[in-house]
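A.B. asks: Can you keep this structure in mind? I'll have questions shortly.
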Amino acid sequence: MMRSLLRAIGERELLLAAALVAAVAVFSVLSPYFMTASNLVTVLRNCNELFLIGLGMTLVLGIGGVDVSVGVVMGLAAIAVGRLLQADAGALAAGLAGPLAGGLIGLLTASVVVLGRIPAIVATLGLFGVYRAAVFLALGGAWLSGLPTDLTQVLGASVFGLPAALPVVVLAYLLVFVAIRYTPFGLYVLAAGNSEAKARLSGIAVRKVQFAAYVVSGLCCGLAATFYIATYRNVAMTVGGTLALEAIAAVIIGGTSILGGRMSLLGTAFGVLLLRILQNGLLLVGVPSLWQPVVTGLLLLAVLGTEAATGRLNLAAASRHLRLPSRSGAAA
Amino acid sequence: MSGRASLTLPILAVLWIVVVAGLAILQPSAMALSTLTTVLQFSTLLALVSLGQALVILGGGAGIDLSVGGTVSLAATIAMLLARAGMAPALVPVVCLLAGTALGLLNGLLVTRLRLLPLIATLGTFYVYSGTAIAITGGSAIGGVPAFLLPWGRGTIAGFPLPFLTLALPLFVLAGIMLQATAWGRWIYAFGFNERSARLTGIPVDLARLLAYAFSGLMAGLSALVSLAWLGSARPDVGHNLELTSLTAVMLGGVAIFGGRGGVAGVLAAVLLLVTLQTGLLQLNVNTIWQVGIVGALLIVVLLIDTIRMIRRPA
Numbered sequence: 001m002m003r004s005l006l007r008a009i010g011e012r013e014l015l016l017a018a019a020l021v022a023a024v025a026v027f028s029v030l031s032p033y034f035m036t037a038s039n040l041v042t043v044l045r046n047c048n049e050l051f052l053i054g055l056g057m058t059l060v061l062g063i064g065g066v067d068v069s070v071g072v073v074m075g076l077a078a079i080a081v082g083r084l085l086q087a088d089a090g091a092l093a094a095g096l097a098g099p100l101a102g103g104l105i106g107l108l109t110a111s112v113v114v115l116g117r118i119p120a121i122v123a124t125l126g127l128f129g130v131y132r133a134a135v136f137l138a139l140g141g142a143w144l145s146g147l148p149t150d151l152t153q154v155l156g157a158s159v160f161g162l163p164a165a166l167p168v169v170v171l172a173y174l175l176v177f178v179a180i181r182y183t184p185f186g187l188y189v190l191a192a193g194n195s196e197a198k199a200r201l202s203g204i205a206v207r208k209v210q211f212a213a214y215v216v217s218g219l220c221c222g223l224a225a226t227f228y229i230a231t232y233r234n235v236a237m238t239v240g241g242t243l244a245l246e247a248i249a250a251v252i253i254g255g256t257s258i259l260g261g262r263m264s265l266l267g268t269a270f271g272v273l274l275l276r277i278l279q280n281g282l283l284l285v286g287v288p289s290l291w292q293p294v295v296t297g298l299l300l301l302a303v304l305g306t307e308a309a310t311g312r313l314n315l316a317a318a319s320r321h322l323r324l325p326s327r328s329g330a331a332a
Numbered sequence: 333m334s335g336r337a338s339l340t341l342p343i344l345a346v347l348w349i350v351v352v353a354g355l356a357i358l359q360p361s362a363m364a365l366s367t368l369t370t371v372l373q374f375s376t377l378l379a380l381v382s383l384g385q386a387l388v389i390l391g392g393g394a395g396i397d398l399s400v401g402g403t404v405s406l407a408a409t410i411a412m413l414l415a416r417a418g419m420a421p422a423l424v425p426v427v428c429l430l431a432g433t434a435l436g437l438l439n440g441l442l443v444t445r446l447r448l449l450p451l452i453a454t455l456g457t458f459y460v461y462s463g464t465a466i467a468i469t470g471g472s473a474i475g476g477v478p479a480f481l482l483p484w485g486r487g488t489i490a491g492f493p494l495p496f497l498t499l500a501l502p503l504f505v506l507a508g509i510m511l512q513a514t515a516w517g518r519w520i521y522a523f524g525f526n527e528r529s530a531r532l533t534g535i536p537v538d539l540a541r542l543l544a545y546a547f548s549g550l551m552a553g554l555s556a557l558v559s560l561a562w563l564g565s566a567r568p569d570v571g572h573n574l575e576l577t578s579l580t581a582v583m584l585g586g587v588a589i590f591g592g593r594g595g596v597a598g599v600l601a602a603v604l605l606l607v608t609l610q611t612g613l614l615q616l617n618v619n620t621i622w623q624v625g626i627v628g629a630l631l632i633v634v635l636l637i638d639t640i641r642m643i644r645r646p647a
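If you read the sequences in order, they're chains A and B.
Sequential numbering of the first sequence, starting at 1, is according to our numbering.
Sequential numbering of the second sequence, starting at 333, is according to our numbering.
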């Protein structure tokens, strides 16, 4: 019973849970403010956008792609939400405008990457520049600030001490979870990520799967934009600058492979939580927030380095193992 | 291969003439020697970084160096922080180059030793390098560049900036000769084109690739030095957007994203075209954020053209 439960959750997830407990313990000792209810709620609240973007990023990395433009996509969608709020469109219309705008931008990203057959990193870096200019155009050079509180009242409300946003985030998680666990889509994603050629030979419409992953990622960024506006009620020119790194780092920390073919949604959730707890804890301990990208980058490299050292990511080692009859079972 | 390579330079030249003509019509006052000097000054920074980027991408294996901008910023700030802490001014150039090379070497080790995917390894180091540069300076520029650097950094001969004449141009010529006429150069093409065959032939692929990343770091260090000598201060964001612009220059210059094809002459031409375009937009009072958008769009268009060519004429 215990063993089957362990297998269902997985080593990586257990390791992350342990790391989370350790981080919480360390920061509670180092700072008296860390373990307060208001601080923990703030940490959880700060996870919303990153977690939603992480859901999409898990799929994108799962198919063997990458998207460094997600932060700016969220920014663009946030402008759409903000403009609707300014026009008194109401919380529902404005809230739905986020995913809609995100989905449309996702369509564009998917078209450029998948239909244009451009390596994802270069294509999304180029799109990052284009979207940045679009943010500037949409903002007209000035900040979008002091937005109406319609959305904030809905998503910022708390029910029994828990943020009302929680059900929406959980629902988004369950939707993606069911899609990759209980429909063929998940298998297609993993197959395409493992080997595009082999997936195609097995009759999977690889390009459609890739296309869908980028569109879903756009939708997730758009939903994140709705939460972003509900919380901050402003959009600056530099919106979403380091979100892409944080999302990629959280997803990789969670055990999804950068090479594709392996993903873990629960791991992504833990990765996001760990990252946000680290950032919050370091801030409380007195490390200036300017160091946050450095910490995130180092954490990403450390996790990748450990994986490489233990042979999980090492392609050369993996292929060597394949040649040894005794290890071939393990490698496969 | 030959079709694209032979066409790259003429196409870039035509585009350049179009840009210059457009600028001459829209803003006649921009047609001055000082504009040429400005263009070449900016070009020097981008050209050096793009040269390193070009070698990394030519070497294949999904090679890419996204950390170049962070390396430029960090090398410049480290050198000036040390100088302010009492290091001999004469050592500033040395520290720039050493810091750049060390940061590039770290990228190379991550890629060749740990076998991390270059895009994710250098994405990580990009944030580490650029974040560190901003964090250790608190985001503000550090002045007080040694005076002996300024005459070189700001000097010109007949409108041509000295750093361009003494550094960028000779390095491109040397790199061109190296790629065409030395074993190391041919090796880069060989393992960029087909890594497996190159390994079977006995080429030290990992060593050469490690050196390519170190070289990219060295070029970023040189670029940092030029920025110090030209601007007179170390700005922690001086390398901002260089990863995007250098990638665009390399792709525009006819280097194949998968490696093994292309040369450095096209890269230099693409750098000049890009910087002329950016300077022109600046002269027309177009906000700099548009430059990022245009460069990004150019990058995508160039790669789309590549894709269309591949579909229409399968290899």
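All C-beta atoms, glycine included, are put in the ideal place defined by N, C-alpha and C.
ASN391(B) to GLY592(B), Cα distance in whole Å?
C.D. replies: Reading off the sequence shown, one finds Gly at residue 391(B), where the question assumed Asn. Their Cα atoms are separated by approximately 6 Å.
A.B. asks: Just checking my contact of MET412(B) with VAL477(B) at CB under 8 Å: how many whole Å lie between their CB atoms?
C.D. replies: Yes, MET412(B) and VAL477(B) are in contact; Cβ-Cβ is about 7 Å, under 8 Å.
A.B. asks: Between MET237(A) and PHE136(A), how many whole angstroms is the CB-CB distance? I'm expecting something under 8 Å.
C.D. replies: Confirmed, Cβ separation roughly 6 Å.
A.B. asks: Find the residues of chain B that neighbour TRP143(A), judging by a C-beta separation of less than 7 Å, and give them in chain order.
C.D. replies: In chain order: nothing, as chain B lies at least about 14 Å away.
A.B. asks: Check each candidate in SER257(A), GLY271(A), LEU265(A), GLN292(A) and name the one with the smallest Cα separation from GLY64(A).
C.D. replies: Among SER257(A), GLY271(A), LEU265(A), GLN292(A), the Cα nearest to that of GLY64(A) belongs to SER257(A).
A.B. asks: Rounded to the nearest angstrom, how far is the Cβ of LEU104(A) from that of PHE270(A), given a contact under 8 Å?
C.D. replies: In fact, because the Cβ distance is near 31 Å, the residues do not count as touching under 8 Å.
A.B. asks: Tell me which residue opens and which closes the alpha helix (DSSP H) that GLY440(B) is part of.
C.D. replies: Annotation: the continuous alpha helix (DSSP H) that includes GLY440(B) extends over 424-444.
A.B. asks: May I ask whether a heavy atom of the ligand NAD can be found less than 7 Å away from the beta carbon of GLY103(A)?
C.D. replies: This structure simply doesn't include the ligand NAD, nor any ligand for that matter.
A.B. asks: Using the beta-carbon of each residue, which ones in chain B are nearer than 8 Å to THR242(A)?
C.D. replies: TYR459
A.B. asks: Which residue wins for smallest C-alpha separation from ALA353(B), given the options VAL627(B), GLY625(B), GLY612(B)?
C.D. replies: GLY612(B)
A.B. asks: Determine contact between the stretch 162-175 of chain A and the stretch 42-62 of chain A, defined as no fewer than three beta-carbon pairs at a distance below 8 Å.
C.D. replies: Judged by Cβ distances under 8 Å, the stretch 162-175 of chain A makes contact with the stretch 42-62 of chain A, as three or more pairs qualify.
A.B. asks: Are the C-beta of ILE474(B) and some C-beta of chain A separated by less than 8 Å?
C.D. replies: no
A.B. asks: Can you check DSSP and say which residues form a bridge with PHE27(A)?
C.D. replies: Bridge partners of PHE27(A): none, in fact.
A.B. asks: Along the stretch 621-639 of chain B, where does the CB come closer than 7 Å to a CB of chain A? Name the residues.
C.D. replies: The stretch 621-639 of chain B vs chain A, Cβ under 7 Å: ILE621, TRP622, VAL624, GLY625, VAL627, GLY628, ALA629, LEU631, ILE632, LEU635, LEU636, THR639.
A.B. asks: With 7 Å as the limit, tell me which residues of the stretch 282-297 of chain A have their beta carbon closer than that to any beta carbon of chain B; keep them in chain order.
C.D. replies: PRO288, LEU290, TRP291, PRO293, VAL294, THR296, GLY297
A.B. asks: When you compare the CB of ILE589(B) with every CB in chain A, is at least one pair closer than 8 Å?
C.D. replies: yes
A.B. asks: Which residues mark the beginning and the end of the alpha helix (DSSP H) in which GLY103(A) is found?
C.D. replies: 91-110
A.B. asks: By the criterion of Cβ-Cβ separation under 7 Å, what are the contact partners of LEU579(B) in chain A?
C.D. replies: VAL122, LEU125
A.B. asks: Just to confirm before moving on: does the CB-CB distance between LEU59(A) and SER217(A) stay below 8 Å?
C.D. replies: Closer than 8 Å, so yes.
A.B. asks: Helix, strand or coil: which one does DSSP assign to ILE357(B)?
C.D. replies: helix
A.B. asks: If you compare alpha carbons, which of LEU108(A), GLY90(A), ALA94(A) is closest to ALA78(A)?
C.D. replies: Of the listed residues, the one whose Cα sits closest to ALA78(A) is ALA94(A).
A.B. asks: Could you give the distance in angstroms between the alpha-carbon of THR226(A) and the alpha-carbon of ALA308(A)?
C.D. replies: 37 Å
A.B. asks: On a CA-only basis, which of THR620(B), LEU574(B), ALA597(B), SER559(B) is nearest VAL424(B)? Give me that one, please.
C.D. replies: SER559(B)
A.B. asks: Between ARG276(A) and chain B, is there a C-beta pair that is closer than 8 Å?
C.D. replies: no
A.B. asks: Flag LEU304(A) as yes if its beta-carbon sits less than 8 Å from any beta-carbon of chain B, otherwise no.
C.D. replies: Yes, its Cβ sits closer than 8 Å to a Cβ of chain B.
A.B. asks: To which residues of the same chain is VAL333(A) closer than 7 Å at the C-beta, ignoring the five residues directly before and after it?
C.D. replies: The structure shown has nothing for residue 333(A), since chain A only spans 1 to 332.
A.B. asks: By how many angstroms is the C-alpha of LEU449(B) removed from the C-alpha of LEU497(B)?
C.D. replies: 36 Å
A.B. asks: Quick one: grab the DSSP three-state call for LEU20(A).
C.D. replies: Three-state DSSP puts LEU20(A) in a helix.
A.B. asks: At a cut of 8 Å, does the stretch 483-494 of chain B reach the stretch 416-431 of chain B through at least three beta carbon pairs?
C.D. replies: no
A.B. asks: From the DSSP secondary-structure annotation, give me the bridge partner or partners of SER158(A).
C.D. replies: PRO163(A)
A.B. asks: So if I threshold CB-CB distances at 8 Å, which residues from the stretch 50-80 of chain A count as touching chain B?
C.D. replies: VAL66, VAL68
A.B. asks: Determine the DSSP secondary structure at PRO568(B), reduced to helix, strand or coil.
C.D. replies: The answer is coil: DSSP assigns PRO568(B) none of H, G, I, E or B.
A.B. asks: Closer than 7 Å, Cβ to any Cβ of chain A: which residues of the stretch 374-408 of chain B, in chain order?
C.D. replies: Answer in chain order: ILE396.
A.B. asks: Using CA atoms only, rank isn't needed, just tell me which of LEU506(B), LEU557(B), LEU455(B), ALA561(B) is closest to GLU575(B).
C.D. replies: LEU455(B)
A.B. asks: With a CB to CB cut of under 7 Å and the five nearest residues on each side skipped, what residues in its chain are close to VAL169(A)?
C.D. replies: Result list for VAL169(A): ASN48, PHE51, LEU52, in chain order.
A.B. asks: Looking at VAL400(B) and GLY524(B), is the spacing between their C-beta atoms short of 8 Å?
C.D. replies: Not a contact, by the Cβ cut-off of 8 Å.
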